[in-house]
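To start, the structure itself, in structure tokens.
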Amino acid sequence: MRQAPAVPDCRTPDEVCAYLQQLRTWAGGVSFRELTLRDNAIRLSRNARQTARQTVNDCFQQGRKRLDRDLVLDIAKALGLPEASLLRLDQVCQVADGRRSIAALADVSDSIPAGSGEFTGREPLLERALTAVEDAWARRSQPVVAFTGPAGMGKTELAVQLAHRLPRKYPDLSRRFFVDLHGFDTRLEPTPPFEVLAAIVKLLGVRDSAILALSTVEQMWDRLLNTLAGQRALLLLDNVSDAAHLGQFTSGAPNLAIVATSQERLPLTEPGHGIEVGPLDYPSCVRLLDGFDRLGRVNREPGVTVRLINELCGGRPFDLVALGGQLSDPAEAAWSLADHADRLAALPRDEASHPILAGSCHRLEPEIRRVFRLLGLYPGFDFSAYDIAVLADRDVDLIDKYLERLYDRHLLVRRHAHRYRLHDVVAAYSRRLLHREESPTNQRQALRRLHTATTLNANNRLGPRR
71 MRQAPAVPDC RTPDEVCAYL QQLRTWAGGV SFRELTLRDN AIRLSRNARQ
121 TARQTVNDCF QQGRKRLDRD LVLDIAKALG LPEASLLRLD QVCQVADGRR
171 SIAALADVSD SIPAGSGEFT GREPLLERAL TAVEDAWARR SQPVVAFTGP
221 AGMGKTELAV QLAHRLPRKY PDLSRRFFVD LHGFDTRLEP TPPFEVLAAI
271 VKLLGVRDSA ILALSTVEQM WDRLLNTLAG QRALLLLDNV SDAAHLGQFT
321 SGAPNLAIVA TSQERLPLTE PGHGIEVGPL DYPSCVRLLD GFDRLGRVNR
371 EPGVTVRLIN ELCGGRPFDL VALGGQLSDP AEAAWSLADH ADRLAALPRD
421 EASHPILAGS CHRLEPEIRR VFRLLGLYPG FDFSAYDIAV LADRDVDLID
471 KYLERLYDRH LLVRRHAHRY RLHDVVAAYS RRLLHREESP TNQRQALRRL
521 HTATTLNANN RLGPRR
């Protein structure tokens, strides 16, 4: 079957209706009778009220002032729209219904995350990247640097370190933006440039009304570059899906540096600007683990250290840091390094693509393990203790402690004060646990609580509609 039509940047309910019509045509022109039957089967699975055929028909008619978001999503699901596209359609419906700004559809921040204190062994790669940016700016061309390699190799950390080093050389680098494009998140479509640029110009102080007047990517680029007015700026594009995706963000503006990460190789026109990131060298792996091991086991048990690094971690910084979280856990202070290795080796081989990650979750208390797997259900980019308290139906102060515990185990990344996110690898494992250990009924109930709380908050912000 042909790929479903991409969800467009809908600004009004009429544009959402037009997309549903396009989707229905793609699905073979399903009759409204058949579509109503499919829709009601979906609604029955979550004990929702059944829908009349005329109500389904009305969703395809122009001139609506409000959207029934749940019904639109159910119809799209009944027509075969994939899960990743459904999440985007949900966001677009909120924009069309006036509940969100289009700038909120992209995961963009005007600050770079703090670099990790465990950064080690990557100085040669970092120096190559710094030189590439310096050479491009010396020639007054746009710097484009890409760190590529498999998941867990530390590409994002390298990009973050580069973004923090550059202002030392260029004090006039006044604007730096961190963008997660979600190119490898199976729940989401890669974020298109229009929404990313809309979010950036909003962060630069452009009003929503002015953003809504811009209808093309070219107009967004013009507005961004005019707003920057020649100032140096940097876009850190995390999780670029492929070379075509990256190409949409290279405007040619010499004052705007692009630093990208991707699991795909990204052929760049400038030699040396594409940097492959592989496993850490062995001495760097030892230094990294030793920084976590306050009891000296890494140096005292060298044979086991070799086994952990080469066989179980594969030299991946992500796995090494997760293992470090286990070594530094006071609850496991009595464990020898061999105990850790034997436990990890004993885990079923299908437990996770990274056995170290399974080990980090293995000894979590049941309630914290439940919270961890529910994180895989959360539909947003990052989350607070309040968000997860609603999802888990627990007290927010208790959830705050649980999230701190997960952070201490290196299972969460702290995005900003009191907000967290999951690394892609951790998110995939969380969803695996979710589907294996949490019943579909419990998952639906958790999402219903979150949906109710989100709708209530949105209505409170909007006030009564006329």
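Residue numbers 71 to 536, in my numbering, belong to the letters of the sequence shown in order. Ideal Cβ placement from N, Cα and C applies to all residues, glycine included. All values derive from a computational prediction rather than experimental measurement.
When the alpha-carbon of residue 494 is set against those of 331, 137, 101, the nearest one is in 331.
For residue 396, same chain residues with a beta-carbon under 7 Å away, outside a window of 5 residues either side, are 402, 410, 429, 430 in chain order. The Cβ atoms of residue 310 and residue 382 lie no closer than 8 Å to each other. The alpha carbon of residue 414 has as its nearest neighbour, out of 433, 399, 398, the alpha carbon of 433. For residue 345, no alpha helix (DSSP H) segment is defined; the enclosing uninterrupted segment is the beta strand (DSSP E) at 344–346. Sequence-distant partners of residue 466 (beyond 5 residues in either direction) whose C-beta falls short of 7 Å from its own C-beta, in its chain, are 455, 456, 459. Residue 243 places its beta carbon 8 Å or farther from that of residue 199. Residue environment: residue 322 is assigned as exposed (fewer than 16 neighbouring CB atoms within 10 Å of its CB, all protein chains considered).
If you check the CB distance, residue 438 and residue 393 do not come in under 8 Å. Taking C-beta separations shorter than 7 Å and ignoring five residues to either side along the sequence, the partners of residue 325 in its chain run 298, 300, 301, 302, 303, following chain order. Straight through space, the alpha carbons of residue 405 and residue 469 are spaced by roughly 28 Å.
Using a Cβ distance threshold of 8 Å, residue 445 and residue 513 do not count as a contacting pair.
Across the set 241, 288, 258, 80, the C-alpha of 258 shows the shortest separation from the C-alpha of residue 151. In its chain, beyond the 5 residues on either side, 165, 166, 172, 282 have a beta carbon closer than 8 Å to the beta carbon of residue 81. The shortest C-alpha to C-alpha distance from residue 256 to any of 518, 499, 370 is the one to 499. Among the bridge pairs identified by DSSP, residue 218 is matched with 332, 346. Fully contained in the region 478–515 are the following alpha helix (DSSP H) runs of length 4 or more, in chain order: 494–507. Only buried fits residue 144, as 16 or more other CB atoms lie within 10 angstroms of its CB.
For residue 414, there is no enclosing beta strand (DSSP E); the enclosing alpha helix (DSSP H) has its first and last residue at 407–416.
A Cβ-Cβ distance of about 19 Å is found for the pair residue 491 and residue 223, leaving them out of contact under the 8 Å criterion. Contact between the region 477–489 and the region 285–299 is absent: fewer than 3 CB-CB pairs across the two stretches fall below 8 Å. For residue 81, no pairing in a beta bridge is given by DSSP.
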